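From first to last, the protein sequence lines stand for chains A and B.
Per the working numbering, residue 5 is the first one in the first sequence, and the count goes up by one each step.
Per the working numbering, residue 78 is the first one in the second sequence, and the count goes up by one each step.
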Amino acid sequence: MITIDSLRIREGKRTLLDGVTMHLPKNAVHGVVGEGRSTLLRAIYGVLQPEAGSISEAGHPLQHQDMAFLEADPHFWPGLTARDCIGLIRYFDHKVNPEALIRRFPVPLDAQAATMSPEARKHLGIILTLMRGKRILLLDDPFRELAPERIFVMQQLLLHLGAEERTVILTSNRITPLEGVCDDLYLLGGGGVRARYEHYELGQLGCDGEPGSGIPEN
Amino acid sequence: MPAPNPKRIYAGRWIRPELLGGSPEWTAGLRRHAPTVWIIAGGLILCILLPIAGFPGLYVAAVAAGAFYLDNEPRELLQLPEMGPCRLLVRKVLTAWRNYFLLTLPFALLAILAHPRTAWIAAAWAPLSALALLYAVVAKYAHYLPDTSRRQPLAARLGSAGFIIPVLLPLSLCLTVSYALRAERNLNRFLHDYD
Numbered sequence: 005m006i007t008i009d010s011l012r013i014r015e016g017k018r019t020l021l022d023g024v025t026m027h028l029p030k031n032a033v034h035g036v037v038g039e040g041r042s043t044l045l046r047a048i049y050g051v052l053q054p055e056a057g058s059i060s061e062a063g064h065p066l067q068h069q070d071m072a073f074l075e076a077d078p079h080f081w082p083g084l085t086a087r088d089c090i091g092l093i094r095y096f097d098h099k100v101n102p103e104a105l106i107r108r109f110p111v112p113l114d115a116q117a118a119t120m121s122p123e124a125r126k127h128l129g130i131i132l133t134l135m136r137g138k139r140i141l142l143l144d145d146p147f148r149e150l151a152p153e154r155i156f157v158m159q160q161l162l163l164h165l166g167a168e169e170r171t172v173i174l175t176s177n178r179i180t181p182l183e184g185v186c187d188d189l190y191l192l193g194g195g196g197v198r199a200r201y202e203h204y205e206l207g208q209l210g211c212d213g214e215p216g217s218g219i220p221e222n
Numbered sequence: 078m079p080a081p082n083p084k085r086i087y088a089g090r091w092i093r094p095e096l097l098g099g100s101p102e103w104t105a106g107l108r109r110h111a112p113t114v115w116i117i118a119g120g121l122i123l124c125i126l127l128p129i130a131g132f133p134g135l136y137v138a139a140v141a142a143g144a145f146y147l148d149n150e151p152r153e154l155l156q157l158p159e160m161g162p163c164r165l166l167v168r169k170v171l172t173a174w175r176n177y178f179l180l181t182l183p184f185a186l187l188a189i190l191a192h193p194r195t196a197w198i199a200a201a202w203a204p205l206s207a208l209a210l211l212y213a214v215v216a217k218y219a220h221y222l223p224d225t226s227r228r229q230p231l232a233a234r235l236g237s238a239g240f241i242i243p244v245l246l247p248l249s250l251c252l253t254v255s256y257a258l259r260a261e262r263n264l265n266r267f268l269h270d271y272d
């Protein structure tokens, strides 16, 4: 169980999150929508230091070696091709095999990763994040930039990951792609958690607009 | 979001992270500056034809290779080896030495074969080149911030110049020690839970 307890994140004078508390069971897919979702993922990954509160798993801080983080807009170091990026991961972990992921999310392997189209960069980001076999996956807007057929592939993959004893925390700006994928969904707003829904409640929300608009507080 | 202008890089299979000890710096550097690397290789061959210029030319190439360590990689690349700060620094330095000496070995052998009487200069070339690369690595990580293009402070630039201007060499040696300690502390912010 990943426990987020009274988390407060500030950036300068702005309070991005305040009093966020969540209990995220292991081996499940958790969705997060609403304002501050990317901040929450970055805090879980340790990129942002909380001013107050804690993020822990069974009483211990989360370890980087257990986590992989997919940014909403993945960016890469200039000078490296997509093949280099994959090769670097394989250099440090010979067991990983990205072939299946490359088939599902095609990328031009010999193009410079930093200057590829946003869709190709997203594909490469997904490949690099998922191929490492980490136990906790933090996916920031994984459906953004994806073509409709790839969104379906991603949903299937997420279902598979949830059944594979991995804990997935993903964000989205829309609820529709999360239906049938997430075990539960948190709605953030005003710096805190506004509502939590179980997977069977998602279909009833019937909302595809901006998160928070017209979604009843739970 | 529009795609940034595609900038052409050499995408050939001769440059692979697997062949370069898993070093993103050398992979990206050789790809981005492939024409410059060829020009330097041509220049080194010309230097080898001259009796004294071979090993000094190779030493200047080591100082130039320090430019591969000017840009800061994204945090994900830094964390990829999953090592603590000390182990990562040691690994980076050893990889830099490995790549440099492997790439310059043919030139060094040619220089020795062409002018055997100047082979003693290799005894100065090897440690000085290793020191220049060590400085480049620790200076980078002493000021590391993820994903930024480093603008070196004046002291660091003087330290780099010390490997070309002998008067400044003592400063470079002092800075190497200072930056090594600072690099360990700086990287600890990003890699503390890998120990």
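Ideal placement from N, C-alpha and C gives every residue a C-beta, glycine not left out.
Since the model is a prediction, treat every value here as computed from it, not as a measurement.
- Using CA coordinates, which residue listed in A/Arg198, A/Val197, A/Asp187 is at the minimum distance from A/Glu205? One-based indexing of the first sequence puts residue 205 of chain A at position 201. Cα-wise, what sits closest to A/Glu205 is A/Asp187.
- Message: From the DSSP secondary-structure annotation, give me the bridge partner or partners of A/Gly196.
- Response: Residue mapping note: residue 196 of chain A aligns to position 192 of the first sequence, counting from 1. By DSSP's assignment, A/Gly196 forms a beta bridge with A/Gly193.
- Task: Can you check the region 82-129 of chain A for any alpha helix (DSSP H) of at least 4 residues that lies completely inside it and give the ranges in chain order?
- Result: 86-96, 103-108
- B/Trp197: buried (16+ other C-beta within 10 angstroms of its C-beta) or exposed? Here residue 197 of chain B corresponds to residue number 120 of the second sequence, with the count starting at 1. So B/Trp197 ends up on the exposed side.
- Check whether the Cβ atoms of A/Phe109 and A/Arg154 sit closer than 8 Å, and answer yes or no. Residue mapping note: residue 109 of chain A aligns to position 105 of the first sequence, counting from 1. Residue mapping note: residue 154 of chain A aligns to position 150 of the first sequence, counting from 1. Against a cut-off of 8 Å, the Cβ pair of A/Arg154 and A/Phe109 comes out as a contact.
- Message: Count Cβ pairs between the region 181-193 of chain B and the region 229-239 of chain B that sit closer than 8 Å; are there 3 or more?
- Response: no
- Item | CA nearest to the CA of B/Thr225, picked from B/Glu150, B/Leu123, B/Gly131 | Looking up residue 225 of chain B in the second sequence gives position 148. Measuring from the Cα of B/Thr225, the nearest candidate turns out to be B/Glu150.
- Query: When you compare each of A/Gly40, A/Arg87, A/Thr119, A/Asp114 to A/Pro102 by their alpha carbons, which one comes out closest?
  - Reply: Counting from one through the first sequence, the residue named residue 102 of chain A turns up at place 98. The candidate whose alpha carbon is nearest that of A/Pro102 is A/Arg87.
- Message: Checking the sheet assignment: what are the DSSP bridge partners for A/Ala56?
- Response: In the first sequence, residue 56 of chain A corresponds to position 52, counting from 1. BP columns for A/Ala56 point to A/Arg12.
- Message: Taking 8 Å as the threshold (beta carbon to beta carbon), is A/Tyr95 in contact with chain B?
- Response: Walking along the first sequence from the start, residue 95 of chain A turns up at place 91. Output row for A/Tyr95: interface = yes.
- In chain C, what lies closer than 7 Å to B/Ile86 by C-beta? The structure shown contains no chain C; its protein chains are A and B.
- Message: Going by DSSP, what residue range makes up the beta strand (DSSP E) through A/Val33?
- Response: For the purposes of this step, residue 33 of chain A is taken as residue 29 along the first sequence, with counting starting at 1. Here the beta strand (DSSP E) through A/Val33 covers 33-38.
- Indicate whether at least one CB of chain A lies closer than 8 Å to the CB of B/Pro133. As a first step, residue 133 of chain B must be located in the second sequence, where it is residue number 56. Taking Cβ atoms only, chain A never reaches closer than 8 Å to B/Pro133, which makes this a no.
- Task: Per DSSP, which residues does A/Gly27 bridge with? Please list them.
- Result: For this step, residue 27 of chain A is matched to residue 23 along the first sequence. The amino acid occupying residue 27 of chain A in the given sequence is His; Gly does not appear at that position. DSSP, once it has assigned bridges, lists A/Thr7 as partnering A/His27.
- Message: So that I know if they touch, is there some Cβ in chain B lying closer than 8 Å to that of A/Gly213?
- Response: As a first step, residue 213 of chain A must be located in the first sequence, where it is residue number 209. For A/Gly213, the pLDDT reaches just 45, beneath the cut-off of 50, and the residue's location in the model is therefore unreliable, although a value from the coordinates is still provided. No, because no Cβ of chain B sits closer than 8 Å to the Cβ of A/Gly213.
- Query: Does B/Gln229 come within less than 8 Å of chain A when only Cβ atoms are used?
  - Reply: The sequence position of residue 229 of chain B within the second sequence is 152, counting from 1. By this cut-off, B/Gln229 is not an interface position.
- Item | Cβ of A/Asp144 within 8 Å of any chain B Cβ | Taking the first residue of the first sequence as 1, we reach residue 144 of chain A at position 140. Chain B, which has no Cβ nearer than 8 Å to the Cβ of A/Asp144, makes this no.
- Apart from the five residues on each side of it in sequence, which residues of its chain come closer than 7 Å, Cβ to Cβ, to B/Phe184? Indexing the second sequence from 1 puts residue 184 of chain B at position 107. Correct list, in chain order: Leu121, Ile125, Leu135.
- Message: Helix, strand or coil for B/Pro79? Go by DSSP, reduced to three states.
- Response: Residue numbering aside, residue 79 of chain B sits at position 2 when the second sequence is read from its first letter. Low local confidence applies: a pLDDT of 42 at B/Pro79 is under 50, so the model's placement there is unreliable, with the coordinate-based value given in what follows. Note: B/Pro79 maps to coil in three-state DSSP.
- Query: Between the region 133-152 of chain B and chain A, which residues of the former have CB atoms less than 8 Å from a CB of the latter, in chain order?
  - Reply: Listed by position, the residues of the region 133-152 of chain B near chain A (Cβ gap below 8 Å) are Asp148, Glu150, Pro151, Arg152.
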